[in-house]
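Sequential numbering from 1 applies to the sequence shown in UniProt numbering. The beta-carbon is built from N, C-alpha and C at its ideal position, and this holds for glycine as well. To start, the structure under review is shown below, and the notes come after it.
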Amino acid sequence: MTTLDIHQILKLLPHRYPFLLVDRVLSMEKGKRITALKNVTMNEPFFNGHFPHRPVMPGVLMLEAMAQAAALLSFHSLDMVPDDNTVYYFAAIDGARFKRPVEPGDQLTLEVTIDRMKAGISKFSGRALVGEELACEATLMCAMRQIN
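This is how it looks when you write it as structure tokens:
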């Protein structure tokens, strides 16, 4: 099993504050699955407006966090380190369900498994949990592309 700290994640993902949504990879099995963490703090910029009276992490950012974990799993599975010309786009999000609010102080555990990888397009099943409670789940499709 492979683990990654924030320094290793920064070498693989192009995202930076405030959009980097993976803090640590707890385990990663090539071609199969990843378990990663996102620590949710009151310092997140989206809490200023979502919602000032009751801060809640936007569901779309939970999906983005799962996609970032999926990208890390893809790079590891393909034995590649992406360069500045490699981008990893969302191609589809299906069956997204939000089961519980995620609030400041929560630790989001991201569990993503590969369903299929073919010709630069990958399909994943993802779950985001707080403790043992399911916060979000979805099927994600992502496409790896080279840009100039």
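field: Start-to-end residues for the beta strand (DSSP E) that takes in residue 129
entry: Reading the sequence shown from its first residue, position 129 is the one you call residue 129. Looking at the DSSP string, the run of the beta strand (DSSP E) that includes residue 129 is 121-130.
- prompt: Which full runs of the alpha helix (DSSP H) of 4+ residues lie inside the region 32-63, going along the chain?
  reply: none
message: Give me the residue from 113, 55, 5 with the minimum Cα distance to residue 66.
response: Taking the sequence shown and counting its residues from 1, the one referred to as residue 66 is at position 66. Nearest of 113, 55, 5 to residue 66, Cα basis: 113.
message: Just to confirm, is the Cβ distance from residue 143 to residue 121 under 8 Å?
response: In the sequence shown, residue 143 corresponds to position 143, counting from 1. In the sequence shown, residue 121 corresponds to position 121, counting from 1. Contact: yes.
message: Taking only three categories from DSSP, how would you classify residue 114?
response: The sequence position of residue 114 within the sequence shown is 114, counting from 1. In this structure, residue 114 counts as strand in the three-state DSSP scheme.
Residue 108 - DSSP class collapsed to helix/strand/coil: Walking along the sequence shown from the start, residue 108 turns up at place 108. Of the three classes helix, strand and coil, the one that applies to residue 108 here is strand, per DSSP.
field: For residue 6, three-class secondary structure by DSSP
entry: Here residue 6 corresponds to residue number 6 of the sequence shown, with the count starting at 1. DSSP places residue 6 in helix when its eight states are reduced to three.
- prompt: Taking C-alpha atoms, which residue in 3, 31, 26, 38 lies nearest to residue 17?
  reply: Along the sequence shown, one-based indexing puts residue 17 at 17. Nearest of 3, 31, 26, 38 to residue 17, Cα basis: 38.
task: Check residue 66 in the structure and name its three-state DSSP category.
output: Counting from 1 along the sequence shown, the entry for residue 66 is found at position 66. Helix, per DSSP.
message: Looking at the secondary structure, which residues open and close the beta strand (DSSP E) in which residue 24 lies?
response: Taking the sequence shown and counting its residues from 1, the one referred to as residue 24 is at position 24. Its beta strand (DSSP E) spans residues 24-29.
task: Look up residue 19 in the DSSP assignment and say whether it is helix, strand or coil.
output: Stepping through the sequence shown from its first residue, residue 19 is reached at position 19. Residue 19 falls in the coil class under three-state DSSP.
task: Go through its chain and collect everything with a Cβ distance to residue 106's Cβ below 6 Å, but skip five positions before and after it.
output: Position 106 of the sequence shown, counting from 1, holds the residue named residue 106. Within the same chain, residue 106 has close Cβ partners 40, 130.
- request: Note down, in chain order, each residue of its chain lying with its Cβ closer than 6 Å to the Cβ of residue 96, except the 5 sequence neighbours on either side.
  value: By one-based count along the sequence shown, residue 96 stands at place 96. Contacts found: 138.
task: Tell me where the beta strand (DSSP E) around residue 94 begins and ends.
output: Locating residue 94 in the sequence shown gives position 94, where the first residue counts as 1. Counting along the chain, the beta strand (DSSP E) containing residue 94 begins and ends at 86-98.
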